[in-house]
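Below is one structure, written out as structure tokens; the observations come after it.
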Amino acid sequence: MKNLAPGTGTYGNEANPYDPDWKQDWFGDQYDQLLSIKKKYDPEDVFWCWRCVGNEDWEEH
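With my numbering as the guide, the letters of the sequence shown map in order to residues 51 to 111.
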């Protein structure tokens, strides 16, 4: 689908969770700005989910 409609993004509940380009596909060019806001207002990662802004440093156990 990416080849048919490049740069169109995705809907989180229907996206491929294993997409290696998930940051770009899910959040686009806004990811860095969203990450800085997340770090400012939630520095302890109280609000979290898999494939959300700021989770790339987490480890699965």
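Even for Gly, the Cβ is constructed at its ideal location relative to N, Cα and C.
No experiment lies behind these values; they were computed from the predicted model shown.
Would you kindly check if the distance between the Cβ of residue j and the Cβ of residue i is under 7 Å?
{"i": "L85", "j": "V103", "result": "yes"}
{"i": "D69", "j": "D75", "result": "yes"}
Out of the options, which one is the CA nearest neighbour of residue i?
{"i": "A21", "options": "W108, N105, D79 and W100", "result": "Residue 21 is absent from the model: the chain starts at 51 and stops at 111."}
{"i": "K88", "options": "P67, E106, D71 and D75", "result": "E106"}
Can you name the start and end residues of the alpha helix (DSSP H) that residue i belongs to?
{"i": "F97", "result": "Here F97 belongs to no alpha helix (DSSP H), and DSSP marks it neither H nor E."}
DSSP state of residue i, grouped into three classes?
{"i": "G104", "result": "coil"}
{"i": "D71", "result": "coil"}
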